[in-house]
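Under our numbering, the residues of the sequence shown are numbered 24 to 289, in order. The C-beta atom is built at its ideal place from N, Cα and C for all residues, glycine as well. Since the structure is predicted, the reported quantities are computational estimates derived from the model, not experimental observations.
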Amino acid sequence: MENELLVTNLQNFGLSQYEAKTYIALLHIGTSNAYSISKSSEIPRSRIYDILNNLAARGIVMVEETNDGVKNYTALPANVFLEEAYEKWSKIYTHVNQELKAIEAKNKQDIYVSTVKGETNILAFCRKLLQKAEKKVVISIWNPMYLELLADLQNCIERGCSVSGITFEVECPLRTLDKHRLNKINNLPTKKKWFILSIDSKELLYGHAAEHNSNSFFTTDPVHIYLLEDYIFHDVLVNRIIEKENKEEMAVQMLSDILSEVKSEF
């Protein structure tokens, strides 16, 4: 049974079943002639010469002919055989590893959006993304989710990542985040809260806030990422303009009028 497994494993090194049996037999009995090898390996004599010649051609078996014309065969030492096999396998592995990763890293034509469902999964996915952030985080978030992710956002800042964006109903947000002004539209009871989380402008998660236990959507599509980062930028911009002018009602009315005018054109 052990030899059967060994024969099978040697076949993974590129030997045929008969070649593996021949090599094992030679290691066992030492230098010997074809007749003895055939008997020990249980390989038909009609086949043993071809097999020995094949192994000799590959350097796995060495041949020495006596003065009277008898050929004796010696197996390549096991440690040498294994070292050569390992070196060959390592080169193959390195090549395949590099090629497969290069193919995987190439820009894919198919852009996908995947769904993340449920509060627990959404929060876990957000944390995973924040842990991966290297340069910047852009976020739009309401208070319940903000409190859940506050420690993760602080860790990003401590690692040297910039964290920017806007918060809703957050009393004292991180100093790098804007606090959205209170208004009637955002506080409507029928209006569901949402969030947007962009990491290094490479990965994006957005959707209904986690506490709604609904769906969010993940993508690496650069168009999605650009549009939603730009949405946050304009939200911050309008918020700062209104705060600076300190005339919220007038500014909101002006923006509402402009919005109505633009909508009528589409």
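Which ranges does the beta strand (DSSP E) cover as unbroken runs of at least 3 residues, wholly within the stretch 84-161, from first to last along the chain? Inside the stretch 84-161, DSSP marks whole beta strand (DSSP E) runs of 3 or more residues at positions 84-88, 94-98 and 136-140, from first to last along the chain.
Measuring alpha carbon to alpha carbon, tell me which of N236, L200 and A232 ends up nearest F256. The count along the sequence shown starts at 1 and reaches residue 256 at position 233. It is L200.
Have a look at K158 and K225 and give me their C-alpha separation to the nearest angstrom. Numbered from its first residue, the sequence shown carries residue 158 at position 135. Numbered from its first residue, the sequence shown carries residue 225 at position 202. K158 and K225: Cα-Cα distance of roughly 11 angstroms.
Is the number of C-beta pairs between the stretch 241-250 and the stretch 175-187 that are closer than 8 angstroms three or more? No, the stretch 241-250 is not in contact with the stretch 175-187.
Distance between V193 and Y169 (C-alpha atoms, nearest Å): One-based indexing of the sequence shown puts residue 169 at position 146. One-based indexing of the sequence shown puts residue 193 at position 170. For Y169 and V193, the distance between alpha carbons rounds to 8 angstroms.
Closest to N35 by CA distance: which of L99, V103 and A108 is it? Position 12 of the sequence shown, counted from the start, is the residue given in the question as residue 35. Comparing Cα-Cα distances from N35 to each of L99, V103 and A108, the minimum goes to A108.
At what residue ranges does the stretch 234-261 contain a whole run of the beta strand (DSSP E), taking only runs of 3 or more? As far as the stretch 234-261 is concerned, its whole beta strand (DSSP E) runs of at least 3 residues are 238-242.
Rounded Cβ spacing between I52 and N26 (contact assumed at less than 8 angstroms): By one-based count along the sequence shown, residue 52 stands at place 29. By one-based count along the sequence shown, residue 26 stands at place 3. Your pair I52 and N26 does not check out as a contact, with CB atoms roughly 14 angstroms apart and the cut at 8 angstroms.
Chain-order list of residues whose beta-carbon lies under 7 angstroms from that of T138 (same chain, five-residue window excluded): By one-based count along the sequence shown, residue 138 stands at place 115. Contacts found: N238 and F240.
The beta strand (DSSP E) spanning D223 covers which residue range? In the sequence shown, residue 223 corresponds to position 200, counting from 1. Note, D223: premise wrong, no beta strand (DSSP E); not H, not E.
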